[in-house]
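S.K.:
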Amino acid sequence: MKGRGASAAGQGSDDVYDALFLEGAYLAQVAYRAEHFLGTRAEIAVTFPMTVFLFLLGVRLYRAGAFDDNGTGRRIRGRMLAWGFGLGLPLNLLGASLVVLDSASRYVFPMVLMLGYVGLVGWLLDHARRRGPVTLGLRAVGRTALTCYVLQNVIASWLFYGWGLGLAARVDGTTWIFGAWAGIGLFLVLASLAWLSRFERGPLEALGARLLALVPDRRATATDRAA
């Protein structure tokens, strides 16, 4: 009885949570996140070490020449493409179908697949025209990366949450998810190209540069003192 009661309570809590984000207002969602701040941010204990690992992995790949425009870089990117998709894609499909691998499919397997995506971007840049639409689009998104990252979350929230169009409660199926992903991605590419045709940086990148400009240069200050 106790087990069924706990299970029912847990199911009821999940139903309330789902209803809040499927149908609830924006301020109600903010209030819920504030009230359950520690509980909803417990994932940081896992994601922070993972972020540090990915940062160090990027440094290691950079020093190994993975991003160089030469034969060594192309070989490394080719291996990343082959291993990332050859191993990462089956692992992610397996993790999505087995509940016992839920944690691994969320925190481990995607990192393997990520290498495949990096290799794929490198392959596209190696084989696309230097001034073609692919390279121009990727370059534009790269120069507005922080803005695109924030904007994709805002757009997806507006599309699927209850305070926006509420599509999550109206549609079902993987096709809609991939369609939204492709549509948002295309919009961000076009928006980045349009923005950079008039401005040097993305809006959040420009804001970050202005904030950094307010920080005193310690090396310059030390040199002035020494003089």
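Following the working numbering, the numbering of the sequence shown begins with 1 at its first residue and continues without gaps. Backbone N, C-alpha and C define an ideal beta-carbon position, used for all residues, glycine too.
#1: Just reading off the alpha helix (DSSP H) that Trp229 is part of, what are its end residues?
#2: I need the straight-line Cα distance from Leu125 to Val150, nearest angstrom please.
#3: Run through DSSP, which three-state label would Arg210 get?
#4: What separation, rounded to the nearest whole angstrom, lies between the Cα atoms of Ala25 and Arg129?
#5: Is the stretch 42-49 close to the stretch 85-95, with three or more CB pairs under 8 Å?
#6: Can you tell me where the alpha helix (DSSP H) with Ser103 in it begins and where it stops?
#7: With DSSP as the reference, label Phe48 as helix, strand or coil.
#8: Which word fits Val52, buried or exposed, when buried means at least 16 other C-beta atoms lie within 10 angstroms of its C-beta?
#9: What runs of the alpha helix (DSSP H), each 4 residues or longer, lie entirely inside the stretch 146-214?
#10: Quick check: Gly95 and Thr147, are their CB atoms within less than 7 Å of each other?
#11: For Phe160, does the count of other Cβ atoms within 10 angstroms reach 16, so buried, or fall short, so exposed?
#12: Would you grab the beta carbon distance between Val189 and Ala145 for me? Rounded to a whole angstrom, and I think it's under 8 Å.
#13: Using the three-state DSSP reduction, which class does Glu35 fall into: helix, strand or coil?
#14: So Ser27 and Ala169 are in contact, right, with Cβ under 8 Å, and what is the actual spacing, rounded?
#15: In whole angstroms, give me the CA-to-CA distance for Tyr17 and Trp163.
#16: Report yes if the CB atom of Met80 is closer than 7 Å to the CB atom of Val118, and no otherwise.
#17: Going by CA-CA distance only, name the one from Val171, Leu98, Gly71, Val154 that's closest to Trp123.
#18: Taking the continuous alpha helix (DSSP H) assigned at Gly24, which residues delimit it?
#19: Kindly indicate which residue of Thr174, Ala182, His36, Leu115 has the alpha-carbon position closest to the one of Gln152.
M.R.: A quick look at the data gives this:
#1: The displayed coordinates of the chain run from 1 to 227. Any statement about residue 229 would go beyond what the structure contains.
#2: As a position in the sequence shown, residue 125 is number 125, starting the count at 1. As a position in the sequence shown, residue 150 is number 150, starting the count at 1. Answer to the nearest angstrom: the Cα atoms are 25 Å apart.
#3: One-based indexing of the sequence shown puts residue 210 at position 210. Helix.
#4: In the sequence shown, the residue the question calls residue 25 occupies position 25. In the sequence shown, the residue the question calls residue 129 occupies position 129. Distance between the alpha carbons of Ala25 and Arg129 is about 47 Å.
#5: no
#6: As a working mapping, residue 103 is identified with position 103 in the sequence shown. Its alpha helix (DSSP H) spans residues 102-107.
#7: For the purposes of this step, residue 48 is taken as residue 48 along the sequence shown, with counting starting at 1. Three-state DSSP puts Phe48 in a helix.
#8: Residue 52 sits at position 52 when you count from the first residue of the sequence shown. Exposed: under 16 other Cβ atoms inside 10 Å.
#9: 167-170, 174-196, 203-213
#10: Reading the sequence shown from its first residue, position 95 is the one you call residue 95. Reading the sequence shown from its first residue, position 147 is the one you call residue 147. No, they are not a contact pair.
#11: What you label residue 160 is simply residue 160 of the sequence shown in a count that begins at 1. Buried.
#12: In the sequence shown, the residue the question calls residue 189 occupies position 189. In the sequence shown, the residue the question calls residue 145 occupies position 145. Between Ala145 and Val189 the Cβ distance is about 12 Å, and since that is not below 8 Å, they are no contact.
#13: Numbered from its first residue, the sequence shown carries residue 35 at position 35. Of the three classes helix, strand and coil, the one that applies to Glu35 here is helix, per DSSP.
#14: By 1-based counting over the sequence shown, the position of residue 27 is 27. By 1-based counting over the sequence shown, the position of residue 169 is 169. Checking the sequence, you will find Leu at residue 27 rather than Ser. Not really, about 19 Å apart at Cβ, beyond 8 Å.
#15: What you label residue 17 is simply residue 17 of the sequence shown in a count that begins at 1. What you label residue 163 is simply residue 163 of the sequence shown in a count that begins at 1. Going from the Cα of Tyr17 to the Cα of Trp163 covers about 14 Å.
#16: Here residue 80 refers to the residue found at position 80 of the sequence shown. Here residue 118 refers to the residue found at position 118 of the sequence shown. Contact: yes.
#17: The count along the sequence shown starts at 1 and reaches residue 123 at position 123. Answer by Cα proximity: Gly71.
#18: Walking along the sequence shown from the start, residue 24 turns up at place 24. Neither: Gly24 is in no alpha helix (DSSP H) and is coded neither H nor E.
#19: By one-based count along the sequence shown, residue 152 stands at place 152. Among Thr174, Ala182, His36, Leu115, the Cα nearest to that of Gln152 belongs to Ala182.
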